[in-house]
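Student: Below you'll find the structure I mean.
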Amino acid sequence: MFPSVDGRLAILAVLPASFVVITALKRFIRNRQNKLPPGPVPLPLLGNVFSVDTKAPWLTYTEWAAAYGDLFFVRLLGQEVVVINSQHVAEALLDKRSRIYSDRPYLATVDPFGWSVVFAFTGYGDEWRLCRRLFHQTFRPDSSLKFRPMQINQARRMIANLIDDPQHYHSHFATFSSSVAMSVTYGYQTNHRDDPLVRIAENALAIGLAALTPERAALLKAFPFLLRLPDWCWGSSIKRDARTSTNHMREMTDVPFRHAQDHMVSMVSDNLHRMEKINQASRLIFETALKKAAVSAIVGSYETTTSTLMTFALAMVLYPDVQRHAQAEIDSVVGRDRLPTFEDRTSLPYIESVLRETLRWQPVAPLGVPHVTTSDDTYDGYFIPKGTIVMCNVWGISRDEKRYPEASRFMPERFLDVNGGLTDDNPAGYVFGFGRRACPGRYAADASLWSAVVTMLATVEFSSAKDDQGKVIEFTPQFTTGITWYLVFLYHSIFPSLIVSSL
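Its first residue numbered 79, the sequence shown is counted upward by one per residue in the numbering used here.
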């Protein structure tokens, strides 16, 4: 005798619940049999999600590192997460065991927000390798050397904009940060100010970056119905943000790509010529990978370089002695008859230490981009299960008081030895990521930052804004949060004024 309709519905209702219970039971038994890294006690089902500051989770993880060590375990709803809090452990796992740690986790916010076009979030496999190869052909260390004249020229153009219109320094930083990547990738020359493609990139990044953290992705994974709520319903803002973000990301991908198709000299156009020699099926795969590599160059250059330059400006305002010391070194080495060039870089160790300290002081990506394990692993006696999200707490590394005494202070001298030479400690070794997923544009980004920093120090002075009575306007730096840590100045009330120094 067949069960009734109600009976069949009851069976269908019980099956998913049984699956969840069985999966949780298997996980519990496995974890009891293996020693997981230490960590805070999770709540049933919810895990540690309500104990984490979702706006700045790296602050929570840094506090927990003091209690649980350089490698600890947390649970975000149903997701197992391991947090790395030292460069040594990160290198041991992400570099030396990259075969296991090179994949990306499923983040429930990537596709709805249109960010699948950025290959930093692509899973480890053939598509990622093709994207990486296309990117590496243009931005590998030896190829990046030919960008240096352009980087110096763009830095000087930025200075002209800063002197002429100092209040909109963020816009000038963004134009500079995007100019090299847009020229190399798409053959596009940015306008001196208010460039339309730079504005497209700014709009695209404004929404998406805040949604791409594992903590926020876990919430959407747990409550996917939020993407199906009517627009008028409470809680539907995430759906509207996702739709807006997708439209902006599509625009940022397609508009410059069409420009490149009409120009002959760029990463995109060069590879489009190569596509003519392959069959139609391979051509579609190749074009998709090329678009991802190209838009990733724009996302990476815009966000990281602009944010770092904003941090540099803040440091110069808050630590004027550092600014004066740096300017004195330029005057003594370069003189006042010309501007610095890359040939001067090795002779300017204090400038180099300023750049290193800028990277360390307020790291742009405090948790980097998360990895995920592709198989079980054991490290230092601790079991790390397959499918575990692995995050490197860059913020925690940068705040290690044993390595960086008075870590919250901006102190470039920490990277100089007693003879005034540079030490072997370079924060670029951890702020640009680890292993096979380390930032492939690191060397071009480093050169762009150096050219901007040294040119600004040689030509302008940063100081606090003053009111009508000549008193300094006190302000508290504000940051946006997400997968990046982005400094924001409020233009109408608090911004550093830029004063031209005599050359």
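Where is the CB? At the ideal position from N, CA and C, for every residue including glycine.
What does DSSP give as the partner residues of H449 in its beta bridges?
Tutor: Position 371 of the sequence shown, counting from 1, holds the residue named residue 449. H449 is bridged to V468.
Student: Taking the alpha-carbon positions, what's the Y508 to Q165 distance?
Tutor: The residue given as residue 508 occupies position 430 in the sequence shown. The residue given as residue 165 occupies position 87 in the sequence shown. Using only the alpha carbons, I get a separation of about 7 Å.
Student: Which residue from M353, V188, A168, R318 puts its Cα closest to that of K299?
Tutor: Translated into positions along the sequence shown, residue 299 becomes position 221. Comparing Cα positions, the closest option is V188.
Student: Taking the beta carbon of Q215 as the centre, do at least 16 other beta carbons fall within 10 Å, making it buried, or is it exposed?
Tutor: Sequence index remark: in the sequence shown, residue 215 carries index 137 (1-based). That one is exposed.
Student: DSSP three-state call for K317: helix, strand or coil?
Tutor: Here residue 317 refers to the residue found at position 239 of the sequence shown. In the structure shown, K317 sits in a helix (DSSP, three-state: H, G or I).
Student: Would you tell me roughly how many angstroms separate the C-alpha atoms of P135 and P302, rounded to the nearest one?
Tutor: Your numbering for residue 135 matches position 57 in the sequence shown. Your numbering for residue 302 matches position 224 in the sequence shown. Each residue's Cα considered, the two are about 22 Å apart.
Student: Whole-angstrom Cβ separation of T140 and W473, contact assumed at under 8 Å?
Tutor: Numbered from 1 along the sequence shown, position 62 holds the residue referred to as residue 140. Numbered from 1 along the sequence shown, position 395 holds the residue referred to as residue 473. So it is a contact: roughly 6 Å between Cβ atoms.
Student: Select from D454, K549, I429, A259 the residue whose C-alpha is nearest the C-alpha of L114.
Tutor: The count along the sequence shown starts at 1 and reaches residue 114 at position 36. It is D454.
Student: Sort out for me which residues DSSP pairs I457 with in a bridge.
Tutor: To locate residue 457, count along the sequence shown from 1; it is residue 379. Rather than Ile, the amino acid found at residue 457 in this sequence is Tyr. Bridge partners of Y457: Y460.
Student: Under 8 Å, with one C-beta from each stretch per pair, do the region 285-296 and the region 142-159 reach the 3-pair mark?
Tutor: Flag = yes, the region 285-296 and the region 142-159 touch.
Student: By the three-class DSSP mapping on this structure, what secondary structure does F540 have?
Tutor: In the sequence shown, counting from the first residue as 1, residue 540 sits at position 462. Three-state result, F540: strand.
Student: Check this for me: beta carbons of T452 and K464, under 8 Å apart or not?
Tutor: Translated into the one-based positions of the sequence shown, residue 452 becomes position 374. Translated into the one-based positions of the sequence shown, residue 464 becomes position 386. Going by C-beta atoms, T452 is nearer than 8 Å to K464.
Student: Within 10 Å of its beta-carbon, does A359 have 16 or more other beta-carbons around it, so buried, or fewer, so exposed?
Tutor: Taking the sequence shown and counting its residues from 1, one reaches residue 359 at position 281. So A359 ends up on the exposed side.
Student: Taking the alpha carbon of L171 as the reference point, which residue from S529, G513, L123, R352 has its own alpha carbon closest?
Tutor: Taking the first residue of the sequence shown as position 1, residue 171 is located at position 93. Selected option, being the one with the closest Cα: G513.
Student: Are the CB atoms of V531 and I237 within a distance shorter than 8 Å?
Tutor: Start at 1 with the first residue of the sequence shown, and residue 237 comes out as number 159. Start at 1 with the first residue of the sequence shown, and residue 531 comes out as number 453. No. Outside cutoff.
Student: Where does R182 land, buried or exposed, given buried means 16+ other C-beta within 10 angstroms?
Tutor: Here the question's residue 182 lines up with position 104 in the sequence shown. Label assigned to R182: buried.
Student: Quick check: the region 549-559 against the region 257-273, are there 3 or more CB pairs under 8 Å?
Tutor: As far as the Cβ criterion goes, the region 549-559 does not touch the region 257-273, which means the pair count is below three.
Student: Considering only DSSP beta bridges, list what I551 is partnered with.
Tutor: What you label residue 551 is simply residue 473 of the sequence shown in a count that begins at 1. DSSP output for I551 lists no bridge partner at all.
Student: In whole angstroms, what separates the C-alpha of T138 from that of T132?
Tutor: Taking the first residue of the sequence shown as 1, we reach residue 138 at position 60. Taking the first residue of the sequence shown as 1, we reach residue 132 at position 54. One C-alpha to the other measures close to 9 Å.
Student: I believe I178 touches M469 by the beta-carbon criterion, under 8 Å. Please report the beta-carbon distance rounded to the nearest angstrom.
Tutor: Residue 178 sits at position 100 when you count from the first residue of the sequence shown. Residue 469 sits at position 391 when you count from the first residue of the sequence shown. Actually they do not touch by this definition, with Cβ atoms about 15 Å apart.
Student: Is it the case that the region 341-356 contacts the region 384-399, given that we only count it when at least three CB pairs across the two stretches are under 8 Å?
Tutor: No contact exists between the region 384-399 and the region 341-356.
Student: Within its chain, find whatever has a CB closer than 7 Å to the CB of M228; leave out the 5 residues flanking it on each side and keep chain order.
Tutor: Position 150 of the sequence shown, counting from 1, holds the residue named residue 228. If we look at M228 and ignore the five residues flanking it on each side, its Cβ neighbours are V258, S261.
Student: Can you check whether the CB of S385 is closer than 8 Å to the CB of V442?
Tutor: Along the sequence shown, one-based indexing puts residue 442 at 364. Along the sequence shown, one-based indexing puts residue 385 at 307. It is a contact, given that the beta carbons lie within the stated cut-off.
Student: How many angstroms separate the CA atom of L426 from the CA atom of T466?
Tutor: Along the sequence shown, read from residue 1 onward, the residue named residue 426 stands at position 348. Along the sequence shown, read from residue 1 onward, the residue named residue 466 stands at position 388. Going from the Cα of L426 to the Cα of T466 covers about 44 Å.
Student: Taking only the alpha-carbon atoms, compute the straight-line gap between Q232 and P418 and give it to the nearest angstrom.
Tutor: As a working mapping, residue 232 is identified with position 154 in the sequence shown. As a working mapping, residue 418 is identified with position 340 in the sequence shown. Straight-line Cα distance between these residues: approximately 13 Å.
Student: According to the neighbour-count rule (16 or more other Cβ atoms, all chains shown, within 10 Å of its Cβ), is H449 buried or exposed?
Tutor: Here residue 449 refers to the residue found at position 371 when the sequence shown is read from its first residue. Buried.
Student: So V130 packs on D148, CB below 8 Å; how close in whole Å?
Tutor: The count along the sequence shown starts at 1 and reaches residue 130 at position 52. The count along the sequence shown starts at 1 and reaches residue 148 at position 70. At roughly 18 Å, the Cβ-Cβ gap does not stay under 8 Å, so V130 and D148 are not in contact.
Student: In terms of residues, what are the limits of the beta strand (DSSP E) holding Q440?
Tutor: Numbered from its first residue, the sequence shown carries residue 440 at position 362. It is not in any beta strand (DSSP E) - Q440 carries neither H nor E in the DSSP assignment.
Student: What residue range does the alpha helix (DSSP H) around T138 cover?
Tutor: Locating residue 138 in the sequence shown gives position 60, where the first residue counts as 1. From DSSP, the alpha helix (DSSP H) with T138 extends over 135-146.
Student: Enumerate, from N- to C-terminal direction, the unbroken alpha helix (DSSP H) stretches of 4 or more residues contained entirely within the region 171-236.
Tutor: Within the region 171-236, the complete alpha helix (DSSP H) runs of at least 4 residues are 176-179, 204-217, 219-222.
Student: In the DSSP assignment, what residue or residues form a beta bridge with Q267?
Tutor: Indexing the sequence shown from 1 puts residue 267 at position 189. In the DSSP output, where bridge partners are listed per residue, Q267 has none listed.
Student: Can you tell me whether F251 is buried or exposed, with buried defined as 16 or more other CB within 10 angstroms of its CB?
Tutor: For the purposes of this step, residue 251 is identified with residue 173 of the sequence shown, where counting begins at 1. So F251 counts as buried.
Student: Which same chain residues, not among the five before or five after A404, have their C-beta less than 7 Å away from its C-beta?
Tutor: Residue numbering aside, residue 404 sits at position 326 when the sequence shown is read from its first letter. These residues qualify, in order along the chain: Y428, I429, V432, L535.
Student: Look at the Cβ atom of A279, then the Cβ atom of M345, and state whether they are nearer than 8 Å.
Tutor: The count along the sequence shown starts at 1 and reaches residue 279 at position 201. The count along the sequence shown starts at 1 and reaches residue 345 at position 267. No.
Student: In the DSSP output, what is V161 paired with across the bridge?
Tutor: One-based indexing of the sequence shown puts residue 161 at position 83. Note: V161 sits in a beta bridge opposite F150, M469.
Student: Could you pull out every unbroken alpha helix (DSSP H) segment of at least 4 residues lying fully inside the region 470-514, listed in chain order?
Tutor: With a minimum length of 4 residues, the continuous alpha helix (DSSP H) runs that stay inside the region 470-514 are 472-476, 506-509.
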